[in-house]
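Student: Please read through the structure below; I'll follow up with questions.
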Amino acid sequence: MRQIAVGIVGYGYWGPNFVRNFNEIDNVEMKYICDLQPANLERHRSRYKSVIFNSDYNELIEDKDLDAIVIATPVDTHFSLAKQALLAGKHVLLSKPMCRSSAQCEELIAIAAEKELVLMVDHTFVYHGPVRLIKQMIDTGELGDLLYLSSTRINLGIFQHDVNVVWDLGAHDFSLLDYLIGRAPKSLQAIGKSHTDTRIEDVAFMTMEFEDDFIAHFHVSWLSPVKIREMMIGGTRKMLMFDDHRPIEKVRIYDKGIELLSKPPETETARYKALVQYRHGEMKAPVYDMTEALKYETLHFVDCIINKKVPLTDGHSGLRVVRLLEIAEQSIKKQSLSSVTLER
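Taking the working numbering, the leading residue of the sequence shown gets 10, the next gets one more, and so forth.
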């Protein structure tokens with residue numbers, strides 16, 4: 010089996026998780042760990058003795074034996090670092106969000122296509138076992154026609170200096186929406202406020218409307234006393250609760266809903282009472298794949314390189330998420346409804 014040489018740039022918060030997972034893949038050589046902060050490099054130097062630790066990104070770019078570069082740096086650096094890597098013939102895995110603008114995303118997509126390279130975005134939750142189960146249930150029609158999605162992703166911090174809470178936490182929800190629903194909204198309205206002197210929004214609410222009356226609502230915050238990671242999806246047949254903060258039974262399916270009478274009673278009083286009938290069925294907690302999401306993701310990245318596959322979260326997926334982030338940011342600044350034009 011072909012050996013894939015991988016280097017990572019950015020070894021702060023998320024980078025060590027990438028390194029741990031790539032290092033456990035048999036046909037991967039974890040060759041470089043690159044970071045500008047000496048303290049970050051020293052943290053695990055003794056653990057990965059065969060890895061080259063450095064602070065010179067050009068060394069990775071110029072290494073002709075290096076197959077892929079993982080970029081886990083602040084979003085404002087993504088475009089420049091990824092462009093250099095792609096132009097040097099390296100496959101690229103970018104942490105979320107893909108870039109700071111949709112124009113930057115489009116340029117990276119074009120370069121990767123021209124050079125026939127894998128360009129993948131770290132939308133980690135798409136590879137999460139419970140999420141893949143939810144996707145399967147939606148696609149098979151187990152929930153029926155989808156009516157709404159409501160998500161809450163809140164905690165105390167971590168305040169970011171380069172992006173607001175929408176770009177930080179909302180990027181996760183938008184990538185989940187893109188994966189699970191698979192179609193673009195027709196409008197998006199967002200409101201967000203900053204409660205510090207930074208003028209960076211730390212609380213936001215976003216609502217999307219779709220052509221078929223499906224609606225999606227998102228609440229993201231760095232100012233919550235409790236950590237909540239909940240998503241509810243309502244369908245005409247069943248309803249679903251995904252609570253990623255639960256240690257077990259993260260997905261719960263409720264056989265509950267309403268039945269609309271096809272022929273309502275003639276009198277107004279009877280019609281009011283009988284137009285809607287409520288269904289109260291059982292709750293079940295289905296079994297899902299317990300594999301760590303990042304393990305599944307890193308294996309997928311390597312598989313795409315070796316077998317020339319298109320990643321599940323490719324550059325186009327990253328672009329769609331960034332476009333939604335841009336529109337949400339515009340809506341917050343304008344305090345108005347923004348129409349959405351997205352291509353899938």
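C-beta: ideal position from N, C-alpha, C; glycine also. As the structure is a computational prediction, the values presented were derived from the model and not from experiment.
By a C-beta neighbour count over all protein chains shown, 10 Å radius and 16 as the cutoff for buried, is V296 buried or exposed?
Tutor: V296 should be labelled exposed.
Student: Extract the residue ranges of the alpha helix (DSSP H) inside the stretch 139-216, only unbroken runs of 4 or more that lie entirely within it.
Tutor: 180-190
Student: Looking only at its chain, what residues have a beta carbon closer than 7 angstroms to the beta carbon of P234, apart from the 5 residues adjacent to it on each side?
Tutor: Correct list, in chain order: L165.
Student: According to the Cβ coordinates, are L232 and V212 closer than 8 angstroms?
Tutor: yes
Student: Quick one: give me the first and last residue of the beta strand (DSSP E) that A81 is part of.
Tutor: A81 -> no beta strand (DSSP E), and no H or E assigned at all.
Student: Do you know offhand how far Q113's Cα is from F88's?
Tutor: 6 angstroms
Student: Tell me C108's beta-bridge partners as DSSP assigns them.
Tutor: Looking at the DSSP assignment, C108 forms no beta bridge with any residue, so it has no partner.
Student: Classify M299: buried if its beta carbon has 16 or more other beta carbons within 10 angstroms, exposed otherwise.
Tutor: Here M299 is exposed: its Cβ has fewer than 16 other Cβ atoms, across all protein chains shown, within 10 Å.
Student: Could you tell me which of E218, F214 and D221 sits nearest to S230, measuring between CA atoms?
Tutor: F214
Student: Measuring alpha carbon to alpha carbon, tell me which of E301, K40 and T133 ends up nearest F183.
Tutor: The shortest Cα separation from F183 among E301, K40 and T133 belongs to T133.
Student: In chain order, what residues of the same chain have a beta carbon less than 7 angstroms from the beta carbon of T149, not counting five sequence neighbours either side?
Tutor: Excluding residues within five positions, none has a Cβ falling inside 7 angstroms.
Student: Going by alpha carbons, who is nearest to M248 out of K58, I237, V260 and R238?
Tutor: For the residues K58, I237, V260 and R238, the minimum Cα distance to M248 belongs to V260.
Student: Can you grab the Cα-Cα spacing for the pair L185 / T322, in whole Å?
Tutor: 11 angstroms
Student: So, using beta-carbon positions, are I236 and A180 closer together than 8 angstroms?
Tutor: The displayed chain sequence assigns Lys, not Ile, to residue 236. No, the pair does not count as a contact, with Cβ atoms beyond the cut-off.
Student: Go to R238, then tell me how far its beta strand (DSSP E) extends in each direction, as first and last residue.
Tutor: L232 to G244
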